[in-house]
Amino acid sequence: GESVGLHLPTLSVQEGDNSIINCAYSNSASDYFIWYKQESGKGPQFIIDIRSNMDKRQGQRVTVLLNKTVKHLSLQIAATQPGDSAVYFCAENFEGTGRRALTFGSGTRLQVQP
Amino acid sequence: DGGITQSPKYLFRKEGQNVTLSCEQNLNHDAMYWYRQDPGQGLRLIYYSQIVNDFQKGDIAEGYSVSREKKESFPLTVTSAQKNPTAFYLCASITGGASDTEAFFGQGTRLTVV
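Chain order of the listed sequences is F and Y. At position 16 of the first sequence (counting the first as 1) the number is 17 in my numbering, and the numbers step up by one without a gap. At position 40 of the second sequence (counting the first as 1) the number is 87 in my numbering, and the numbers step up by one without a gap.
Structure follows, in structure tokens:
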């Protein structure tokens, strides 16, 4: 079946730098995307979402970019802090008929060096 | 406070035993999901239910069973047919409205076969 995947399993950045986490998706019919943050031993937490009719959406210190032409999603974290260290997942959802659950990528571990 | 509660947090199972993981939500969400997470990997969909008394198989349903007798509850049974059940199990719920498909996650149950 179609899936969502991530290219980099681990990303290491210096505190204060900007981080960019990438995600490729393969279901061209997906129309809703979410980024989640998961800390060790905990459930994923919502960070930011974007619908397919948008190219960019900004939150507090985070920005999600969607490139539907190449089916690529990215999460940008500004001024990365030690508390940002976690595994980040992108997820896609298709909201057409026969709506199904979110499909998750394999995740990227972000390590913030002090 | 509204949220999703999974119990127990840790569960140990002997080989050949069935065990049931609990998931309860008071968010009044229509849809509920079970995901499995293996170390260093993403979330894989086991089962989902979009409405009471109805549920669908996900990508890795073999060896698992569910029920959805109440809107608030979606228990997952890991049967003896599941050959490699040791994993972190996450339950999530999503409101049925098309304008809001953010998934809220529980804190997970870590199942270990002993």
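Backbone N, C-alpha and C fix where the C-beta goes; we use that ideal spot for every residue, glycine too.
- Look at the Cβ atom of residue 77 of chain F, then the Cβ atom of residue 16 of chain F, and state whether they are nearer than 8 Å. Going by C-beta atoms, residue 77 of chain F is not nearer than 8 Å to residue 16 of chain F.
- CA-CA distance, residue 81 of chain F and residue 61 of chain F? Answer to the nearest angstrom: the Cα atoms are 12 Å apart.
- Message: Rounding to the nearest angstrom, what Cα-Cα distance links residue 126 of chain Y and residue 58 of chain F in this structure?
- Response: Answer to the nearest angstrom: the Cα atoms are 43 Å apart.
- Host beta strand (DSSP E) of residue 93 of chain F (start-end): Residues 87–94.
- Item | Distance between residue 152 of chain Y and residue 85 of chain Y (C-alpha atoms, nearest Å) | Cα to Cα, the separation comes out at about 16 Å.
- Task: Please state if the CB of residue 83 of chain Y and the CB of residue 134 of chain Y are separated by a distance shorter than 8 Å.
- Result: Going by C-beta atoms, residue 134 of chain Y is nearer than 8 Å to residue 83 of chain Y.
- Item | Inter-residue CB distance, residue 26 of chain F and residue 74 of chain F (contact presumed, cutoff 8 Å) | About 6 Å separates the Cβ atoms of residue 26 of chain F and residue 74 of chain F, confirming a contact at the 8 Å cut-off.
- Sort Y/154, Y/109, Y/68 and Y/65 by Cα distance to residue 43 of chain F and report the nearest one. For residue 43 of chain F, the nearest C-alpha among the options comes from Y/154.
- Start and end of the beta strand (DSSP E) containing residue 38 of chain F? 33–39 is the extent of the beta strand (DSSP E) around residue 38 of chain F.
- Message: Going by DSSP in three states, residue 2 of chain F sits in which element: helix, strand or coil?
- Response: At residue 2 of chain F the pLDDT is 34, less than 50, meaning the model places this residue with poor confidence; the figure from the coordinates comes in the next sentence. Coil at residue 2 of chain F, not helix or strand.
- Message: Let me confirm a value: residue 130 of chain Y is counted as buried when at least 16 other C-beta atoms fall within 10 Å, else exposed. Which label applies?
- Response: Residue 130 of chain Y comes out exposed.
- Query: Between residue 103 of chain F and chain Y, is there a C-beta pair that is closer than 8 Å?
  - Reply: Among the CB atoms of chain Y, one or more fall inside 8 Å of the CB of residue 103 of chain F.
- Query: Is residue 106 of chain F close to chain Y, meaning its C-beta is less than 8 Å from at least one C-beta of that chain?
  - Reply: Yes, residue 106 of chain F lies at the interface with chain Y (some Cβ there is under 8 Å from its Cβ).
- Query: Along the stretch 78–91 of chain Y, what residues have a CB closer than 9 Å to any CB found in chain F?
  - Reply: Shown in chain order are the members of the stretch 78–91 of chain Y whose Cβ falls below 9 Å from a Cβ of chain F: 78, 80, 82, 84, 87, 88, 89, 90 and 91.
- Item | Contact under 8 Å by Cβ, residue 122 of chain Y with residue 70 of chain Y | Cβ distance < 8 Å, so residue 122 of chain Y and residue 70 of chain Y count as in contact.
- Item | beta strand (DSSP E) segment containing residue 21 of chain F, residue limits | First-last of the beta strand (DSSP E) with residue 21 of chain F: 20–26.
- Item | Among F/37, F/54 and F/53, the one whose alpha carbon lies nearest that of residue 47 of chain F | Nearest C-alpha to residue 47 of chain F: F/37.
- Query: What do you get for residue 185 of chain Y, buried or exposed, if any count of 16 or more other CB atoms within 10 angstroms of its CB means buried?
  - Reply: The structure shown does not extend to residue 185 of chain Y, since chain Y spans only 48 to 161, so no value can be given for it.
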